[in-house]
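Letter 250 of the sequence shown, counting from 1, is numbered 239 in our numbering, and no numbers are missing. Before any comments, here is the structure.
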Amino acid sequence: SSQESVRLLLNSKSSRFPDGLANSSGLVGKYLTDSVSSGFSAQVPALEDLPPHNEDGTVGQQAYIPWSFCQEQLAGKLDFPGGYKLLVSGGRRLPDLNAATKFDWLSEREGIAFGADLREDARRYYGSIVGIGAQGAMVPNDDCFAELDPEMKDQWGIPALRFHWKWADAELKQIAHQQEMMGAILDAMGGRYRRPPEIQNPIKAVKDGGSVIHEVGGAIMGADPAKSVTDAWSRTWDVPNLIVADGATFPNTADKNPTLTILALAWRAADHLVEEMKRGNL
């Protein structure tokens, strides 16, 4: 976890590093980012009354729509930087106990159906909901950071992290664009929805920071020791034989999942560490 690395650094205090290990820049814990995400769903009449099939295992994200507005962005036609991907899902997953409440707004009858009415609704509507989720790039800002909690500790008595988060204007504009695009796609499918997309009030649609579990940053890499925690090889400026080999070194987050980039950077850091050891530089 990138934030466990941040917690380790902040808790590793000494006379040399009173504010935490490798934290002479004061940037450990700063500039956290996560995927900028929202979702939208609709019921598609064309998917009603389909023959029943066991679709367990096939109802995850079934289609990937990459960012396709690069030219508009370069031309200055969009009011936010970065892009986002769209993930489309649906199908008949194993229903939960709340499944009956998902049909009440579709049926012409009033209230929640029971018995034969519920069976009729389930056969007609279940599996006809299509959901789209968006995950986008985020620009780091001063309001997204972690610090040691003065009160909360883990089971070993070590201080936990306390997180601060505030979406900036750029991210909210991106959310509005996400909502508009998802609404347009589902409208083209003839979709029906309970409430319209949150184009005018995107703060209602954006997911909480950290909820997508793509959180990175907190020990960002860079070219200037005063403006970063590690160099381009993931080595901390203050302690050259200390490597941060996870997502904490990301200076921002893209619209792609960070896992493969984390693996690539860790591999790169390990190769560089071996070369430095051979040269006797550690």
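Every residue, glycine too, gets a C-beta built ideally from N, C-alpha and C.
Just so you know, the alpha carbons of Asp38 and Tyr114 end up roughly 7 angstroms apart.
A Cβ-Cβ distance of about 6 angstroms is found for the pair Val17 and Leu(-1), placing them in contact under the 8 angstroms criterion.
For the pair Lys2 and Leu10, the Cα-to-Cα distance works out to about 6 angstroms.
Taking a 10 Å sphere around the C-beta of His42, we find fewer than 16 other C-beta atoms and assign the residue as exposed. Inter-segment contact for the region 222 to 235 and the region 176 to 195 is absent: fewer than three beta-carbon pairs are separated by less than 8 angstroms. Of all C-beta pairs linking the region 155 to 163 to the region 52 to 59, fewer than three are shorter than 8 angstroms, placing the two stretches out of contact.
For Met210, no beta strand (DSSP E) encloses it, and the DSSP letter there is neither H nor E. Counted as a single uninterrupted DSSP element, the alpha helix (DSSP H) harbouring His166 occupies residues Asp158 to Ala177.
Ala52 and Gly104 have their alpha carbons spaced roughly 35 angstroms apart.
A buried status is given to Ser14, since no fewer than 16 other beta-carbon atoms sit within 10 Å of its beta-carbon. Ser27 has Ala123 as its beta-bridge partners, per DSSP. With respect to the C-alpha of Gln167, the residue from Gly199, Ile202, Asp131 and Gly120 having the closest C-alpha is Gly120. Counting along the chain, the unbroken beta strand (DSSP E) around Ser78 starts and ends at Tyr73 to Gly79. One thing to note: Thr242 has its Cβ within 7 angstroms of the Cβ of Thr22.
Residue burial annotation: Leu175 is buried, with at least 16 other C-beta atoms found within 10 angstroms of its C-beta.
When Cβ pairs closer than 8 angstroms are counted between the two stretches, the region 176 to 183 is seen not to touch the region 205 to 224, the count staying below three.
Contact between Met141 and Ala135 is absent: CB atoms are separated by about 12 angstroms, not below the 8 angstroms threshold. Judged by DSSP secondary structure, Gln60 falls within the alpha helix (DSSP H) whose first and last residues are Cys59 to Leu63.
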